[in-house]
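Residue numbers for the sequence shown, in the numbering used here: 7 to 273.
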Amino acid sequence: MRATEHATPFPSEPTPEVRLQRAPLVKVLAQVRFPQLASMAGSEVDRSFARAMASEFPLAQQGQSFNVVLGQQGVTQEPAAGGVLQLRTIDESWIITLTAGSLSIETTSYPGRQKFCAQFLQALERFVELAGPPYFERVGIRYVNRISDPATLQDLDSLVRPEVLGTALTPLPEGFNLSHCLSDNAFNWQGGGLQAKWGKLPPNVHLDVSLPPVDAPNWLLDLDSFSTERLDPNKSRETLNTLAGRAYDFFRWAVTEKFLDTFGRVQ
Numbered sequence: 007m008r009a010t011e012h013a014t015p016f017p018s019e020p021t022p023e024v025r026l027q028r029a030p031l032v033k034v035l036a037q038v039r040f041p042q043l044a045s046m047a048g049s050e051v052d053r054s055f056a057r058a059m060a061s062e063f064p065l066a067q068q069g070q071s072f073n074v075v076l077g078q079q080g081v082t083q084e085p086a087a088g089g090v091l092q093l094r095t096i097d098e099s100w101i102i103t104l105t106a107g108s109l110s111i112e113t114t115s116y117p118g119r120q121k122f123c124a125q126f127l128q129a130l131e132r133f134v135e136l137a138g139p140p141y142f143e144r145v146g147i148r149y150v151n152r153i154s155d156p157a158t159l160q161d162l163d164s165l166v167r168p169e170v171l172g173t174a175l176t177p178l179p180e181g182f183n184l185s186h187c188l189s190d191n192a193f194n195w196q197g198g199g200l201q202a203k204w205g206k207l208p209p210n211v212h213l214d215v216s217l218p219p220v221d222a223p224n225w226l227l228d229l230d231s232f233s234t235e236r237l238d239p240n241k242s243r244e245t246l247n248t249l250a251g252r253a254y255d256f257f258r259w260a261v262t263e264k265f266l267d268t269f270g271r272v273q
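1. Report the CB separation of F122 from P239 in whole angstroms; it is logged as a contact under 8 Å.
2. When the distance is taken between beta carbons, is P208 closer than 7 Å to P218?
3. Check E112 in the structure and name its three-state DSSP category.
4. Please specify which runs of the alpha helix (DSSP H), each continuous and at least 4 residues long, are wholly inside the segment 88 to 151, giving them in chain order.
5. According to DSSP, is F256 helix, strand or coil?
6. Which of the three DSSP states is assigned to A56 in this structure?
7. Would you report the Cα separation of P20 and Q120, rounded to the nearest angstrom?
8. Using a 10 Å radius around the Cβ and a threshold of 16 neighbouring Cβ atoms, would you call A137 buried or exposed?
9. Pull up the distance between the alpha-carbon of E244 and that of F126, whole angstroms please.
10. Could you pull the DSSP bridge partners for K203 from this structure?
11. Using the three-state DSSP reduction, which class does R271 fall into: helix, strand or coil?
12. Just mark V81 as buried or exposed, buried being the case when its beta carbon has 16 or more other beta carbons within 10 Å.
13. Considering only C-alpha positions, which residue in the set E23, S110, I102, R144 is nearest to A233?
14. Please state the DSSP three-state secondary structure of G69.
15. Assign G77 to one of three DSSP states: helix, strand, or coil.
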């Protein structure tokens with residue numbers, strides 16, 4: 007094991023970030039959840055927030071939010087209280103979503119941890135000024151990596167650790183095919199945790215509706231790092247950076263040095 011590789015996904019010291027020129031990130035999302043707020047009764051907060059963000063997020067769309075319900079009829083959707091406000095950049099690579107109980111930001115053009123967190127914190131500060139939430143109930147940051155290049159997939163066993171590879175490249179006799187293999191892991195600690203999903207998917211299959219499928223076999227590494235403690239909104243910066251660091255620790259444990267080189271390690 008090289009000095010830069012971890013024996014554990016949760017080391018005692020933060021992992022120094024390595025920038026990748028061709029990082030396989032297809033989506034990064036951060037979200038805070040908050041209790042129902044009296045200040046958000048009506049739509050004035052939505053309008054004021056949209057105006058406050060208009061210089062960077064000039065495109066707006068409003069709609070109805072839904073709850074996913076599991077019942078005897080299977081998976082159904084029911085209208086939820088309040089609507090959804092989505093704000094987008096001109097190129098639509100960044101989206102901010104405000105509902106009656108959450109504020110999130112997502113991007114398909116990840117600029118690095120520092121800039122991503124700064125963009126979200128700017129939106130949070132404006133929201134806190136307008137709505138005045140007394141606390142956040144949950145804070146989370148999610149990183150979704152996807153590899154779909156056939157040549158890179160063939161080399162997967164040298165790009166990720168054996169513990170993460172699983173049965174993705176298990177040799178099979180003629181006539182047999184592994185259509186998919188998925189691993190869903192939940193790590194918990196006091197006040198938070200990390201959910202890590204990874205595995206091989208066949209063409210046109212996705213793990214959830216927020217991630218469009220691709221028309222080729224692919225391998226995903228989906229990391230959701232979160233805190234469930236009541237959080238003072240003024241301490242969001244520290245919490246968000248800690249959660250992003252935990253997700254990155256796990257990512258660096260999961261991948262090899264060759265992975266970093268393959269995706270354009272910047273020295």
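A virtual CB, placed ideally from N, CA and C, is assigned to each residue, including glycine.
With the given structure in hand:
1. Within the sequence shown, the letter at position 116 stands for residue 122. Within the sequence shown, the letter at position 233 stands for residue 239. The Cβ separation is near 19 Å, so there is no contact.
2. As a first step, residue 218 is located in the sequence shown; it is residue number 212 there, counting from the start. As a first step, residue 208 is located in the sequence shown; it is residue number 202 there, counting from the start. No; because the gap between Cβ atoms is not below 7 Å, this pair is not in contact.
3. Within the sequence shown, numbered from 1, the residue matching residue 112 stands at position 106. In the structure shown, E112 sits in a strand (DSSP, three-state: E or B).
4. Within the segment 88 to 151, the complete alpha helix (DSSP H) runs of at least 4 residues are 119 to 137.
5. Taking the first residue of the sequence shown as 1, we reach residue 256 at position 250. Annotated three-state conformation of F256 is helix, per DSSP.
6. Indexing the sequence shown from 1 puts residue 56 at position 50. Three-state DSSP puts A56 in a helix.
7. Residue numbering aside, residue 20 sits at position 14 when the sequence shown is read from its first letter. Residue numbering aside, residue 120 sits at position 114 when the sequence shown is read from its first letter. When rounded, the distance between both Cα atoms is 15 Å.
8. In the sequence shown, the residue the question calls residue 137 occupies position 131. With 16 or more Cβ atoms within 10 Å of its Cβ, A137 is classed as buried.
9. In the sequence shown, the residue the question calls residue 244 occupies position 238. In the sequence shown, the residue the question calls residue 126 occupies position 120. If you take the alpha carbons of E244 and F126, they lie about 13 Å apart.
10. Here residue 203 is taken as the residue at index 197 of the sequence shown, counted from 1. DSSP lists D190, D228 as the beta-bridge partner residues of K203.
11. Along the sequence shown, read from residue 1 onward, the residue named residue 271 stands at position 265. Here R271 sits in strand by DSSP.
12. Locating residue 81 in the sequence shown gives position 75, counting from the first residue. Confidence in V81 is poor, its pLDDT being 41 and thus under 50, which makes the residue's placement unreliable; the coordinate value appears in the next sentence. V81 comes out exposed.
13. Along the sequence shown, read from residue 1 onward, the residue named residue 233 stands at position 227. Looking at the sequence provided, one finds Ser at residue 233 rather than Ala. Ranking the options by Cα distance to S233, first place goes to R144.
14. Your numbering for residue 69 matches position 63 in the sequence shown. Here G69 sits in strand by DSSP.
15. The count along the sequence shown starts at 1 and reaches residue 77 at position 71. At G77 the pLDDT is 47, less than 50, meaning the model places this residue with poor confidence and gives no usable figure here.
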